[in-house]
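For the sequence shown, our numbering assigns the number 9 to the initial residue and increments by one for each residue that follows.
All remarks here apply to the structure that follows.
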Amino acid sequence: MHRARWAFSSARRRHSFAPMDELGYHDALAMLDWQIELGADEAILDAPVDRFALEDQPRQAAASVPAAAPASTPTAQPSVPQPVAVDAAEVARAAASAATDLASLRAAIEAFAYCPLRETAKQLVFADGNPSARVMIVGEAPGREEDLQGKPFVGRAGQLLDRMLAAIGMDRRAEDPAHAVYITNMLPWRPPQNRDPTPEELAMLGPFIRRHIELADPDILVLMGNWACQGMMGTRGITRLRGGWVEVMGRPAIPMFHPAYLLRKPHDKAKAWQDLLSLQARLRSIP
Ligand code: URA
9 MHRARWAFSS ARRRHSFAPM DELGYHDALA MLDWQIELGA DEAILDAPVD RFALEDQPRQ
69 AAASVPAAAP ASTPTAQPSV PQPVAVDAAE VARAAASAAT DLASLRAAIE AFAYCPLRET
129 AKQLVFADGN PSARVMIVGE APGREEDLQG KPFVGRAGQL LDRMLAAIGM DRRAEDPAHA
189 VYITNMLPWR PPQNRDPTPE ELAMLGPFIR RHIELADPDI LVLMGNWACQ GMMGTRGITR
249 LRGGWVEVMG RPAIPMFHPA YLLRKPHDKA KAWQDLLSLQ ARLRSIP
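Here is the structure:
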């Protein structure tokens with residue numbers, strides 16, 4: 009919140025913004041407290057956007073469009089360069105397939121300019137753990153803590169994930185690929201306010217996660233939660249999907265409850281334990 013130089017108070021200034029510098033210290037602090045109570049946890053832009061004014065713009069713009077010239081009096085139009093529509097998923101596909109190793113894939117994602125999430129996220133969250141691991145975990149998207157640290161699954165859900173893995177002798181810091189895990193997410197940037205990924209984001213960034221899996225080449229994939237299933241299997245409904253194995257990109261994959269869900273619904277930890285044992289057994293069965 010320290011970056012916020014503007015405050016919004018519906019109680020005192022209905023639908024208007026006031027520069028913080030014009031407020032006294034106590035007023036400014038009270039407004040920040042008010043925003044935190046409303047659920048704001050960070051400042052996204054340096055300057056405010058008055059969305060009430062924006063709502064009026066399309067109508068004003070439409071009103072100011074000059075009437076079309078009659079068809080019978082054609083006028084010479086100066087040739088104005090037209091913006092070229094970019095197929096962002098196609099750009100991502102080309103960039104991803106040009107990457108020959110994880111470092112160049114990371115660089116390709118860093119350079120990918122078409123995803124708006126990168127404007128609101130603090131940094132790219134690429135991966136953590138051992139890239140040689142036999143198991144690769146695909147989560148949903150970075151949260152606040154991951155965005156700050158630049159690593160996936162480092163918040164409360166990540167700590168639970170580490171404990172779950174430890175229960176079957178696995179560790180993201182392990183050097184031995186047999187006991188190691190490699191961890192990434194469907195989306196490499198945090199969605200604002202941790203909202204769900206949109207279908208457009210999953211489609212646009214899909215080529216990067218698929219190339220990531222190809223390059224890391226794990227024996228087994230773990231799909232953590234609904235959005236990993238949606239992105240990698242095209243379907244969600246984790247309660248129905250978990251408990252069995254599927255094939256994703258030519259390798260066995262196990263859908264599992266997301267640890268953030270388990271923090272909210274601890275009674276489902278028993279089912280997660282069954283899935284962890286199933287993962288351990290599958291690893292033993294693949295030489
Ligand atoms: N949840 C996820 O799916 N991924 C993270 O990195 C953190 C929380």
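Here a beta-carbon is modelled for each residue, glycine too, at the ideal position from N, C-alpha and C.
If you check the beta carbons only, do leucine 169 and proline 274 fall under 7 Å apart? Along the sequence shown, read from residue 1 onward, the residue named residue 169 stands at position 161. Along the sequence shown, read from residue 1 onward, the residue named residue 274 stands at position 266. Going by C-beta atoms, leucine 169 is not nearer than 7 Å to proline 274.
DSSP state of threonine 247, grouped into three classes? For the purposes of this step, residue 247 is taken as the residue at position 239 of the sequence shown. Of the three classes helix, strand and coil, the one that applies to threonine 247 here is helix, per DSSP.
Leaving aside the five residues before and after alanine 236 along the sequence, list all residues of the same chain whose C-beta is less than 7 Å from its C-beta, in chain order. Within the sequence shown, residue 236 is the residue found at index 228, counting from 1. Here the set comprises Val146, Gly147, Glu148, Met194.
Exposed or buried, which one is leucine 270 when buried takes at least 16 other CB atoms within 10 Å? Taking the first residue of the sequence shown as position 1, residue 270 is located at position 262. Answer is buried; the Cβ neighbour count reaches 16.
Take tyrosine 122 as the anchor and find which of Arg101, Asn138, Glu183, Gln85 has the nearest alpha-carbon. As a first step, residue 122 is located in the sequence shown; it is residue number 114 there, counting from the start. Comparing Cα positions, the closest option is Arg101.
Is proline 150 near ligand 1 - that is, is its Cβ less than 6 Å away from at least one heavy atom of it? Along the sequence shown, one-based indexing puts residue 150 at 142. Under cutoff, so the answer is yes.
I want to check one thing, is the minimum distance from the CB of glutamate 209 to the heavy atoms of ligand 1 below 6 Å? For the purposes of this step, residue 209 is taken as the residue at position 201 of the sequence shown. No - ligand 1 has no heavy atom lying nearer than 6 Å to the Cβ of glutamate 209.
Ligand 1 heavy atoms versus the CB of asparagine 193: any closer than 6 Å? The residue labelled residue 193 in the question sits at position 185 within the sequence shown. At least one heavy atom of ligand 1 is nearer than 6 Å to the Cβ of asparagine 193, so yes.
From Asp184, His220, Gly214, Pro205, pick the residue whose C-alpha is nearest to that of isoleucine 314; which is it? Any question about residue 314 goes unanswered here, given that the chain covers just 9 to 295.
Give the straight-line distance between the Cα atoms of aspartate 241 and leucine 31, rounded to the nearest whole angstrom. Indexing the sequence shown from 1 puts residue 241 at position 233. Indexing the sequence shown from 1 puts residue 31 at position 23. Correcting the residue type first, residue 241 is methionine in the shown sequence and not aspartate. Approximately 52 Å, taken between the alpha carbons.
Give the single residue among Arg152, Val162, Leu291, Arg250 whose Cα lies nearest to the Cα of alanine 278. To locate residue 278, count along the sequence shown from 1; it is residue 270. The shortest Cα separation from alanine 278 among Arg152, Val162, Leu291, Arg250 belongs to Arg250.
Are there 16 or more other CB atoms within 10 angstroms of the CB of leucine 231, so buried, or fewer, so exposed? In the sequence shown, counting from the first residue as 1, residue 231 sits at position 223. That one is buried.
Distance check for proline 124 and alanine 280, CA to CA, integer angstroms please. As a first step, residue 280 is located in the sequence shown; it is residue number 272 there, counting from the start. As a first step, residue 124 is located in the sequence shown; it is residue number 116 there, counting from the start. Near 34 Å, if we compare the C-alpha coordinates of proline 124 and alanine 280.
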